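Numbering (full-length UniProt numbering), first residue to last: 1 to 215.
Note that beta-carbon positions come from the ideal geometry of N, C-alpha and C, so glycine has one too.
From a predicted model like this one, the values you see are computed outputs, not experimental measurements.
Reviewing the structure listed below.
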């Protein structure tokens with residue numbers, strides 16, 4: 001059992017560390033709203049992970065696999081949501097560059113972006129980016145059966161694996177938040193802030209397009 005658990009941890013770490021929509025969203029919100037919004041985004045992402053992990057343990061995600069229509073509805077909604085987040089990020093940078101306030105006082109543009117991001121709730125964005133991504137649910141379904149934690153029952157095995165995955169993801173995001181805290185001053189610089197906003201916005205649009213195009 002221990003060998004299986006170690007193998008699962010290694011596989012999970014690889015999946016968690018490889019950048020994807022969640023990381024792009026986190027960086028985008030850190031650039032737009034600083035540490036406070038970044039923390040809320042991580043809380044939303046982790047809540048989504050817990051919900052999907054619980055659903056997988058209870059067998060509810062099988063419904064997503066069984067219904068092609070439901071899968072495509074969630075896929076299209078998730079893809080459109082990522083595209084919308086990316087467009088909002090790019091639009092925010094454009095507004096900073098063209099607003100009179102940003103031209104007279106660069107820090108003012110940064111402050112206004114923080115307010116806008118706060119009203120959009122980083123928690124909600126992180127949560128929806130997970131729940132509207134059918135690939136996350138399918139990941140739980142496809143990964144969990146590969147590991148056998150005898151003599152535990154199937155339900156307990158799924159609970160243990162989901163718990164391990166969520167703890168590993170939480171630890172990783174704590175590290176990421178600590179790094180973002182270290183470079184807070186850099187994130188506040190208008191030039192870097194706008195560049196990061198454009199990059200993460202473009203990545204989110206690209207990922208959203210990929211999700212929409214993927215069958």
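Residue 55 and residue 158 closer than 8 Å at C-beta: Residue numbering aside, residue 55 sits at position 55 when the chain shown is read from its first letter. Residue numbering aside, residue 158 sits at position 158 when the chain shown is read from its first letter. Against a cut-off of 8 Å, the Cβ pair of residue 158 and residue 55 comes out as no contact.
First and last residue of the uninterrupted alpha helix (DSSP H) at residue 189: On the chain shown, residue 189 is found 189 positions in, with the first residue counted as 1. Neither: residue 189 is in no alpha helix (DSSP H) and is coded neither H nor E.
Per-residue DSSP class, three states only, for residue 216: This structure does not reach residue 216, given that the chain is present from 1 up to 215, and the question cannot be answered.
Residues near residue 53 by beta carbon distance below 7 Å, same chain, minus five either side: In the chain shown, residue 53 corresponds to position 53, counting from 1. Same-chain partners within the cutoff: 140, 162, 165 and 166.
Reference residue 21; option with closest CA among 35, 190, 96 and 82: Your numbering for residue 21 matches position 21 in the chain shown. If we check each option's Cα against that of residue 21, 82 comes out closest.
Proximity winner among 87, 155, 43 and 213, relative to residue 171 (alpha-carbon distances): Counting from one through the chain shown, the residue named residue 171 turns up at place 171. Comparing C-alpha distances from residue 171 to each of 87, 155, 43 and 213 shows the shortest one belongs to 43.
Touch test, the stretch 10-28 against the stretch 119-136, Cβ-Cβ under 8 Å, three pairs minimum: A contact exists between the stretch 10-28 and the stretch 119-136.
Reduced DSSP secondary structure (H/G/I, E/B, other) of residue 195: Reading the chain shown from its first residue, position 195 is the one you call residue 195. Helix, per DSSP.
Member of 143, 30 and 138 whose CA lies at the smallest distance from the CA of residue 63: Position 63 of the chain shown, counted from the first residue, corresponds to residue 63. Among 143, 30 and 138, the Cα nearest to that of residue 63 belongs to 138.
Of the listed residues 149, 198 and 5, nearest to residue 97 (C-alpha basis): Looking up residue 97 in the chain shown gives position 97. When each option's Cα is compared against that of residue 97, the closest is 198.
Residue 229 versus residue 78: straight-line alpha-carbon distance, rounded: A question about residue 229 goes unanswered here, because the residues of the chain that appear run from 1 up to 215.
Residue 147 to residue 136 span [Cα, whole Å]: The residue labelled residue 147 in the question sits at position 147 within the chain shown. The residue labelled residue 136 in the question sits at position 136 within the chain shown. Their backbone Cα atoms lie some 18 Å apart in a straight line.
Residue 160: CB within 7 Å of a non-hydrogen atom of the ligand SAH: Inclusion of the ligand SAH in the displayed structure is not the case, the ligand content being empty and no account of it being possible.
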